[in-house]
Structure formats: structure tokens, C-alpha cells
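Here is the structure we will look at, set down as C-alpha cells.
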């Protein structure tokens, strides 16, 4: 039994389990005057507690829940309000199910209900059923869940402290037979929202928690508004504190700014009862037992009353708030024994000399403000409106005008039952134009959880008074109200003008306006607003309407190891005490809102809202949530649904470009057994894959490939992966191509006959799995692709990376390796033979699939004998590499080799006489500068370059090398020109890449020497020792001369080792490194020339001449640089001429030998003479002889 003075009676529970309320017409409660009101359908009650403020009676029951009843205002009967109980998800890890409720206790402000059970356990709910804390839920105490769930606390009694900051528990220790009757007192500290004691408008838009000794600030949730305010008002950003967006940064969810109360103030005025924050979130004010104090985040300082007697004369009983630069306080003046509204300027000292006063006739209970209209609710159940204006000429004085009074006596059962009174811009009709008084459109009043709305009547207003209509009940069980302070926005008008309600266990409710389009007229029967329910898993404290987010606060367990350093803790490991940290969870509500509109056939409004929010970073996630939730709900339903929502949701998502991405992400996070239901609505996944290719969404197409691998045969998967690989290579998406190569390498020819995985069975999880083809942060439930193995076990064609070595003279002095396939005609012949052999292996059944840019692909079966595994991959990669090199795209070729583990050196050796040939030296030279953002030189930057060695040295080197390579000299001459060991070692040391000495004025002056940089080329992005995942130095970085220098030198090394001298010489000239140019020319002469290579070297000589002519007219800096190597060019020309002459003589000698053999076989003398004459004519020009 509990007595309630506000309700005027006793709440009772009888022995038989019935509950009711006893009231009497007199205060003596004589038996003949007592009236019993029984709670309907309540027969198993065990305890009772009354909430005076919300006029609710809570009955604890034997089934573990609580039944809450309220009073019917018409009949006075007890009517069921709502039920509070633990859900199954909260008791998954609990060994003891909840039983009879033993004790109940409401907090002093009436916003929280604590419940304990006879079998042990404690839970805290909000007044209308939002679960805030539970010791039986493992998620509430983390690593100590086993201890708390197996040995829950048995709370025999409990009571809230002053202002609800502490909960005191009397806990009995468990024994084998039950409870011992002895135990201890446990004290649990709490923090609460500032809305519970002071629900003013500004407090609704900032997440601020008040504790017993400090404030917890989380103003980052409205950081955009705060930054705008700071930039406009102060011209600064950040205001000296760390501002992070709580919705986008996961690490900021635990970031709170803690502001300690001033010790001088709290010692005399504990506890703090009310807290107010201004609209910018920069200024805070607190009111304790007596007096007030305010704090600035900009200065990090508190401001207190200088006169202690003035502080002790103010008792803040009706709350406080900020209006512009003034602090408004509803208080009682001890000196004058009167109720007042006081306004203190923020920039002045807290002193009554600077205060403006409003005398009241009754005690103020609540105050609120909108624009310049101050609303005061007093104990006589009347609302008084005041107009606030700054006094002319006085910055610290206000001009206060009383506008009118509105009586709430017919609607309020008791003055203290009014939870919140606020002015709002929400109204029933669209297009309401307020008069010159303010933007006020309605008056919202929360009376014991029932929300009443009094709409403003513009047509009946006279003079400056506002007229309101009769009240209308919008909702019940309302804990909080949020409405935007901004004016109507054309982009998000629906969300800005909506009214948001927190209804506890019923979730949130949104009173959403329905605006007609520009070219449509709404029907008369269509309501102008609609109330939509939204289920949320948190208790909302802030609603960010334009960001489509709801922000709350929760307790997260802190994991401690109690087994170590036990002496440091006040509790033993057997009875640990939970330690918690505050976190700030945020949830997106947009998908719930859109789904409710679609369910009510309001798709046009849903489409407008979604398009207005399409620029949000998490908008694709909103669409994915919509599809995923409806799929899980309908696909797992026990019975067919008469009106399925999935087709409607799919049609809605198709209106956005994220449709293909949404479908595949939803499928990868869904059980495979549900895919058939999903793709029956969205279409064939192969058609979606094809559409991704047509639209260029290659990352999304790669995700569809994983889906198709589970639905199609390995042969089809290989076919589609090949098409996608070619598309990614054409688009230079090498990150995707790398995964596709690995994917294709894992598919064996022996897998072609295996059946596809059934979409009605769940994919088994494989023990060795690689990452997915596309990185996705939300793919936690992604089924692993079939057939994917680790790279070391897959037998892939990709070979391990060879170590990167520097250029050495020993490598340069190795001769060319002659092979039958080096000639261009041989490669073409082998290519034609390969095509014919491939066409001969086509199967009878062929399928044409469209690839990128309309190309047709024919897929056929290969046998292991006819086509070695990986042959088609090599063909595709080699063809793309040839395309890049032929188009002078060296930078893309480097990225291609780095991402795909492409053996660039080996491939360049094969292509040195084909794709590595430069036909237009000028265009290739300019292409290098464009790709690497390489600056052109000036004449002043080349003054210190040394072009040694001389041409005579090069000629001697060539003669010695030619004698060694071609064996034209006798053994004695050859021994005279061979290099000794010391010369070889000297040559090796000279081959090291060196930096060109240039002045600092040149843009490329940061070129470096490998001797100075210990990392050298090994630190390059393309080096074989570089981790492919760490390509940030190359991809997406602003071009820098140091990075470009490293990349060019890496390519130069690869070209030199592969004997691609066209590019080697061109890159060395671009680097403007004279020793490198000399080294390349020396390598050409050292390697010698044969019949097949002579044409290439002649083309090299002609290319140099073309570069000299271009530089002379277009770039004087390069012209001066090329002029330093005239002797080298001359030595190269002379060497080419000498080799051409000697080759011509050898050919003539060979033909004479053949003629002599013909004579021996009986050839006539006349025929021999004719052949000799013809040969002499043909060999008159050595170049013509060789080139023929």
C-alpha cells in the first residue's frame, strides 16, 4: 500500500493478487466514505508503486512484469496504460528466468522505474517502458556476465537518492537454501538527461547529461550548427575543443567533455537540480539548492555571484534557459518573498544590479521560449506570454511586455502533472503564415504523458493577442517532444517541419506533414499530416531531423581482469561490481520512415523525402536496411503474406542509382536460403551483373560474381569473371583485377562438371578463406565464395615476387638470348596458330555474352591437355600490358604490374623487339612528362652536368665488346681487348644510378641519389618488396618530384635489365642524369649488335635525331642537355655503320660459299658469273644489304 497526496488516495494490492485504488470524499477516510477502484484484468499483483507526476500506478506481478495503469479523465476508472517486462533477447545468457517482482521504486522526478525480482536481478526502465539497465542481460556487464547471470543480486529493498543521482540497494547474499538475510548496501551512481528536470527548447537539441558532481557534454552531434554559430559570431572554428561528428566517427561515441561543477558553489548548494544550454551549445547554466552559475566552453571558466547573500536569496523552482545573451531564471526571491522571472546578461557579472525582473502572482513551474516569446507556466494552471526585446541604447537591459494569459484549468487535473509546455511551429494546415508576433503556430502540452495540441487561430486574432483552438490529443505515453527550430527548408521540408515523440516501449512516433507537389492538388479526404510509428533500440535524447539520426546515451561495460591485482579493488573476484562507461549510440530512422509511408501507399512522399536525403553519406546504408529488414520478415514468415511489401520496396529502391549496390550487399549479408525469395523480386542476378558492366559499376559487379558463383556452374563463373577482368583492365581498376585474377586462378578445369550450389541451402563456411573481391565494411555475414583457396594452395599462375636488385655491369654484359620467337614474323605466326588452335577447340554449345563496349565473348570448355591452366589469364594480362606499353602509358604499366604481381622484367624481355619499340620518340618523351608531371628543364639548370666518358672511350669499349661478342677478331686480338677483373669491378661501381647536379631553382631539384637514400628503389611503389596494400604513396597522391623520380628510376631499371634500350635511353634523358645516359649508351655498345637487332638501333639513332630537332625548336633546356652527348651520338652512329658493313661482308662470304657448293654439284660457270654480278649489285650499300 502507498498513499499519494496528489492522487488523493491509496494504491493497494490484496492478498489474492488484485490491485486497485482507494479514495474518499473526506480526508479522514471513514469506511462509509471509501471508494475502491479496481484495476481491470489484474489478478496476480505482488507490489505497487505510485508515480505522482505522471499519475500512473505500477503493479508488480508474479510473471515477472509490471502492469501500469492510469486514470480515465471521464469516468475516473483505472485503465491499462502499458506493460513493462524483459524480452527474450535480454535473457539469452541467464540461467535463472525472471519470477515474481519483489520491489518497485520510481525516481524522484518520476521518469525512471527500478524493478527487482524475488529470484534476484535488477532492471531500470523509463516511465513508459524503455529499458535502460538490467543485471540479467549479459550485454550490460560484459566480461562479468557469467558471474551476474549465475548469481544475480537479490535486492530486498531499494530507494533513490536526492534528485535521482543515486540508487541505494539492500542486497542479500545467496546461500544453498536461498538467501541468508544478511548482506550489504550497494550504491549505484546515475546520470540523467537535462530534459527530465528542465525541458526547455534548447535542451532538446544538445546531448547533455547532468550528474551529481559534473556535466557530460556531447555537443558534437550538432557540430554543423555549432560551427556555423562560431563562424558567424566569433569568426573562429572549433572554439578550442575537439569537435567530432558522432554519427560518422565510431571512435567519438565514447568522447564526452566533462565539466566539473565549481567546488565553491556545490559545497553550499548541492544538489544541482536544473541545467540549461544555449542554442549554440557553448554556454551552460546550473541551478542548485540556491542561486545559479553559468559556464563558457570558450573561456573554460565558471561565473558565480560575487555577493553570496544575493546567491542565497534566489531559489530556482521553475527552471532556467538562455535567450540570446541573457540567462532567464524562474525563481523565488527570499528577501522579498515573491516569485519572479529574472534575466541576467551573460557578459556582465552575476549581480542583481544588472538583472531585469518580472513579478509573478503564482509560483512558476515551467518556462520555455521560442524566438522572443517567453512562456511561463505557474501553479494556478495558467500560461503567461511575454515579449522580450533589447532596450535601445542599453545592451544589458531588456524591454519586457506581457502579451496575454491562457488558462489550462479545464485540461490539467493537477498543476504538477504538467510535464512539458512548449511553443512549436507545427500545425495541421500547410502554408500557415504567422503574424508579426512570432513564428508560433501551436502550443504543445504534455500532461502526464498525454500530448495536447492547441493550434493557433490566425483569422480570430485581434491586436497582438494569440488565439488558440480547442486542445487535440496527438498521442499518449509521451516522454519527450522534439521539433526543429529552423525555418522551412525546401530540401528537407518534410523532416524539418515534423514533430518527433518518444513513446517508450511503443518506440518513437513522427507527426509528418504531407506536402502536395507543385503541379498537384491534394484531395479533400487526404490528411495534411500523418502519425507514423518508428521502432528504435535506444532511448532517444536528441533528434537530428536533417541528418535523419536519433542520438541517445547508454552504459557500456568496462572489462577488467579481477584475477590480477585483487588488492587494488574493493570487491572480491567472486562478487565483482560492474564498471561502466558512457557511450553515445546513434541510429538512423530514415528507413523506418520510408517503409511506413510505402505501407500506407504514400510512395510519392517517401520518394521526395528519400531524394532530399540522398546526399547523406549513409543513404546507401538506409536503402540496404529497408531491403534487408523486409526480406528477413517476409522470407521467414510461417504463412504467406497477403500484401507483401518486398516488391514495393524493390520498386522504390530502383529509383536510385544505388539500386544494384543495395541488392548485392543485402544478398551477401543474408542467408543463402533466402536468395530465391530475393531474386524472385529483384530479377536474375546475371542480368544485374550485366547491367553493372553496362553502367560501369565494376566493384558492384565483382560482388555479384560471388553471388553467381554460388548459383551457377564453375564454367559460367569463370566466363563472367573473365568478362569482368577485361572490363576492369580497360578501366584501370587494378585493385579489382588483382582479386579477379586470384579468383580465376582458384577455379580448376576439373570443377567444370560440378553442379552449382543450391540457393536453398546455406553455404558451408570454409576454414581457409581469402578476403572478398570487394572491400565492404558491413559484410560481416558475407558467405565465402565457393572454391576460393589460399594463394599458396590454389596453384595460381602468379609467381612469387623476385627480389629487386640494382643494375650491375655483370648483368649488362650478358648477351642477348637468341630464340626462334624473337622475330616479329615468328610472333605473328605463333599468334595465328594459337587462334586457329583455340577455334578448333570450341564445343558444340557456345554462349555469347556481352562484355564491355559491346564486345562479344564466346565461352567454351577446355580440357587440361589442350589448354594448360592459367593460359587464358596470361593471354589477357599480356595483351593488356602490350596495350599500355604501345600507347606509352608507363605509369599505368607500373601500377598494373604492382597490383597484379605481373612479372614486368620477364615480359619486357619477350616484348623488347615488339611492344617495347618506340615509333614516335617525341610523343613518347612528352608522354613521360605528362604522366609523371615531370617538369621541363631550363638552360640554367644544366650548367654543371658532366657528359663523360668521351666518344673515343665509347668507341674503344664498342670495339672490345664487338670483338668479344661477334668473334670477328682472332684469338690474340680478342684477348687484347677483353676487360680484366679490375675493370669489371670499376664498371659495376659506375653503373650505380646517380643524381644530376642541378640548381635549386629547377622544379625537379629533389631528384635523389640511391647512395644518399638507403631505401633506394626498393622503397618505390612498384618495387617487388613493396606491400601491394600500401600504395598510398602512388595512388591518389599529389604528384611530387621525389615520388616521380623514384617511379621513373624503377621503370628505367626494369627496361635496362630487359634490354629495352628505346625506353632506357628515353627515361634516362627525361631524368637529365648524364651518368645514366652514358651508362645506357655504354650498355648498348657492350651488348653488341646482331642481324635482328640492327634495325632497332638504327631506329634508336633516328629517334635521337628527332628529339634533338624537337628540343631545338620547343625546349632549349633539353637542346642544351642533348648537346652534351654529341660525341656519344657520333660513337653510336659509327658503331652502327661498322656493324652494318661487317654484317654485309659476312653475308657476301656466306653466299660465295653457297655458290662454291653449287659448282661442286655441277652448276654451270655462266650461272655462277650471273649470280656473282647480282650479289655485287645488291651489296653495294651495306645498309641495303643488311636490311634486305
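Residue numbers (the working numbering): -4 to 1183. Here a beta-carbon is modelled for each residue, glycine too, at the ideal position from N, C-alpha and C. Bear in mind that the values here come from a model prediction, so they are computed numbers and not experimental data.
Taking C-beta separations shorter than 7 Å and ignoring five residues to either side along the sequence, the partners of residue 291 in its chain run 277, 278, following chain order. In the three-state reduction of the DSSP assignment, residue 161 falls in the strand class, which pools E and B. The DSSP-derived three-state label of residue 415 is strand.
Here DSSP, grouped into helix, strand and coil, assigns residue 402 to strand. About 4 Å separates the Cβ atoms of residue 378 and residue 401, confirming a contact at the 8 Å cut-off. Residue pairing for residue 477: DSSP places it in a beta bridge opposite 495.
Selection 473, 523, 418 evaluated against residue 463 yields 418 as nearest (Cα-Cα). For residue 41, the enclosing beta strand (DSSP E) covers residues 40 to 46. Scanning its chain for C-beta atoms nearer than 7 Å, with the 5 sequence neighbours on each side dropped, one finds around residue 265 the residues 283, 284, in chain order.
Cβ neighbours of residue 121 within its own chain (closer than 8 Å, five residues either side excluded): 106, 107, 108, 127, 474, 499, 534. Here residue 495 is actually not in contact with residue 524; their C-beta atoms are around 13 Å apart, not less than 8 Å. For residue 313, the enclosing beta strand (DSSP E) stretches over residues 309 to 318. Residue 610 and residue 587 have their C-alpha atoms some 18 Å from each other. Taking C-beta separations shorter than 7 Å and ignoring five residues to either side along the sequence, the partners of residue 56 in its chain run 39, 40, 41, 62, 96, following chain order.
Sequence-distant Cβ neighbours of residue 403 in its own chain, meaning closer than 6 Å and more than five residues away, are 376.
Counting only runs of 4+ residues, the alpha helix (DSSP H) found wholly inside the region 646 to 718 occupies 654 to 663, 670 to 677, 680 to 690, 693 to 706, in chain order. Within the model, the alpha-carbon separation for residue 1051 versus residue 1075 is close to 8 Å.
Residue 663 is a Cβ neighbour of residue 702, given a cutoff of 9 Å. By the criterion of at least three beta-carbon pairs nearer than 8 Å, the region 672 to 687 is in contact with the region 637 to 652.
Residue 598 sits in a helix when the DSSP states are folded into three classes.
Beta-carbon to beta-carbon, residue 1043 and residue 927 are separated by about 6 Å, close enough to satisfy the 8 Å threshold. Assignment of beta strand (DSSP E) within the region 322 to 381, counting only whole runs of 3 or more residues, yields 333 to 340, 351 to 355, 359 to 365, 368 to 373 in chain order. Counting the other Cβ atoms within 10 Å of the Cβ of residue 614 gives 16 or more, which makes it buried. Here the alpha carbons of residue 374 and residue 592 stand approximately 42 Å from one another. Residue nearest to residue 454 within the set 442, 448, 436 is 436 (criterion: CA-CA distance).
Nearest C-alpha to residue 177 among 148, 1072, 272: 148.
In the DSSP annotation of this structure, residue 551 is not part of any alpha helix (DSSP H); the continuous beta strand (DSSP E) holding it starts and ends at 549 to 552.
Per the Cβ contact rule, the region 302 to 315 is not in contact with the region 378 to 395 (fewer than 3 Cβ pairs under 8 Å). Around the C-beta of residue 262, fewer than 16 other C-beta atoms lie within 10 Å, and the residue is accordingly described as exposed.
Here residue -2 has 5 as same chain residues with Cβ atoms under 7 Å from its own Cβ, once five neighbours each way along the sequence are excluded. The straight-line gap separating the alpha-carbon atoms of residue 470 and residue 369 is approximately 25 Å. Beta bridge pairing from DSSP links residue 55 with 42, 61.
Within the DSSP secondary-structure output, residue 575 pairs in a beta bridge with 552.
Residues of the same chain with a CB within less than 6 Å of the CB of residue 343, apart from the 5 flanking positions on each side, are 349, 391 in chain order. The DSSP assignment places complete alpha helix (DSSP H) segments of no fewer than 4 residues inside the region 1083 to 1132 at 1089 to 1109, 1111 to 1118, in order along the chain. Annotated three-state conformation of residue 911 is coil, per DSSP.
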